[in-house]
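In the numbering used here, the protein residues as written are 36 to 319.
Where a beta carbon is used, it is the ideal one built from N, C-alpha and C, also for glycine.
Reviewing the structure listed below.
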Amino acid sequence: MSKKPNILVAVAKFSVRLAGKYMQPFSCNKSRHTYTQPQLMTCLILRAYLKTTYRGIIDILEASDQLRDAIGLTTLPNYSTLKYFADRSGTLEVVDAMLAEVAKQFITADEQVAIDSTGLETTSASSYFQTRSGRRQKKYVKLSVGVLCGSMIPAGLVVGWGPCNDKSDALALLVKTGSVVKPTAVFADAGYDAEWVHRFCRDVWETKSFIPPAVHRADGQVNGKYRSQMTPRRLKRNHYTRRWIVESFMSAVKRTTGSTLQARTTTSLLREAAIRVLAYAIRR
């Protein structure tokens, strides 16, 4: 009877191999060469997956011979080394490249994409406490994601600050997603309702787009060539309910990696949010 492989060991091995495609072993020739950049990236991915701190992931690695062997670590980095590595300017670009590599393994001939956004908390204080104390949340980290409907794997990711209109991140999200996959259909909720979003999908991608219109006129009329075509009957006929796949993805990311970020600085918060999405994609 074959033994089922440990999921953490499998995630660690895959992460090291994947990161090695997009990162040089060492940042410079004069570095100490104690551990490689792919190994440090893998530590960050495990940290996100295990919902722990920089100190916490070092403690876990210290206690697990299997994980250290899977990553190839003979010497553990200091927790501050992970923090400085996460804050480097090129981290988000590497995350994008790794996400794209994972997504390309699941793209089908008739692939469809659903896009949406969600927020991640920047404080562990509960909403009840904030309400009772008279505090109001001013901002949160906003994740905008394009998800493959066939496999629920993210193909494009944009991180920023909310609250803000979904359309403000729509172009960047569509461009990133389009660099990975050319879908046959795009599904989005009314937060992305705009004629230019339809035109981008249909004229640039030559792809069908299905977004319920947000009615702003007093007479209930909907302007625009494509917006006016988004009737409830047309949306239903074209399987608009597949948009809920991205909702399921957002829920799964929060259940797996948590909905509250551990970092405190602006730079660290954005990078941690992106790495959480990558960690979940690798786990799937």
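Taking the alpha carbon of L296 as the reference point, which residue from Q101, V180, R268, Y175 has its own alpha carbon closest?
A check of alpha carbon separations from L296 across Q101, V180, R268, Y175 identifies Y175 as the nearest.
Three-state secondary structure (DSSP) at P73?
P73: helix per DSSP, three-state reduction.
Which of helix, strand or coil does DSSP assign to K202?
K202: helix per DSSP, three-state reduction.
Using the Cβ count rule (16 or more neighbours within 10 Å means buried), how would you classify A316?
Around the CB of A316, 16 or more other CB atoms lie within 10 Å, so the residue is classed as buried.
Given V257 as reference, the closest of D228, K217, V281 once Cα atoms are compared
Minimum Cα-Cα distance from V257 among the listed residues D228, K217, V281 corresponds to D228.
Would you decide whether F164 is buried or exposed? Buried here means 16 or more other CB atoms lie within 10 Å of its CB.
Confidence at F164 is low in this model, with a pLDDT of 48, below 50, so the placement of that residue should be treated as unreliable; the coordinate-derived value is given next. By the Cβ-count criterion, F164 is exposed, with fewer than 16 other Cβ atoms from all chains shown falling within 10 Å of its own Cβ.
Would you check if the distance between the CB atom of L178 and the CB atom of L155 is smaller than 8 Å?
Between L178 and L155, the C-beta spacing is below 8 Å.
Within 10 angstroms of the Cβ of L206, are there 16 or more other Cβ atoms? Answer buried if so, exposed if not.
The residue is exposed, with fewer than 16 neighbouring Cβ atoms inside 10 Å.
If we require 4 or more residues per run, which alpha helix (DSSP H) segments fall completely within the stretch 77-141?
Considered as a whole, the stretch 77-141 harbours 89-98, 100-106, 114-121, 126-139 as its complete alpha helix (DSSP H) runs of no fewer than 4 residues, in chain order.
Where L270 sits in the DSSP three-state scheme
The answer is helix: DSSP assigns L270 an H, G or I state.
Among residues of its own chain, excluding the 5 on either side of A309, which ones have a beta-carbon nearer than 7 Å to its beta-carbon?
Same-chain partners within the cutoff: L127, V130, L192, V194.
Reduced DSSP category for E146 - H, G, I as helix; E, B as strand; rest coil:
Here E146 carries a coil assignment [DSSP, helix/strand/coil].
DSSP state of G191, grouped into three classes?
In the three-state reduction of the DSSP assignment, G191 falls in the strand class, which pools E and B.
Look at V216 and A249 and say whether their C-beta atoms are less than 8 Å apart.
No, these two residues do not count as a Cβ contact at 8 Å.
On a CA-only basis, which of D204, T158, A83, T266 is nearest P247? Give me that one, please.
Nearest to P247 by alpha-carbon distance, out of D204, T158, A83, T266, is T266.
Supposed close pair L304, T157 - CB separation, criterion 8 Å:
Contact flag correct, Cβ pair sits at about 6 Å.
Helix, strand or coil, according to DSSP, for Y163 in the structure here?
Note that Y163 has pLDDT 49, beneath the 50 cutoff, so the model's placement of it is unreliable and the number below is only indicative. The answer is helix: DSSP assigns Y163 an H, G or I state.
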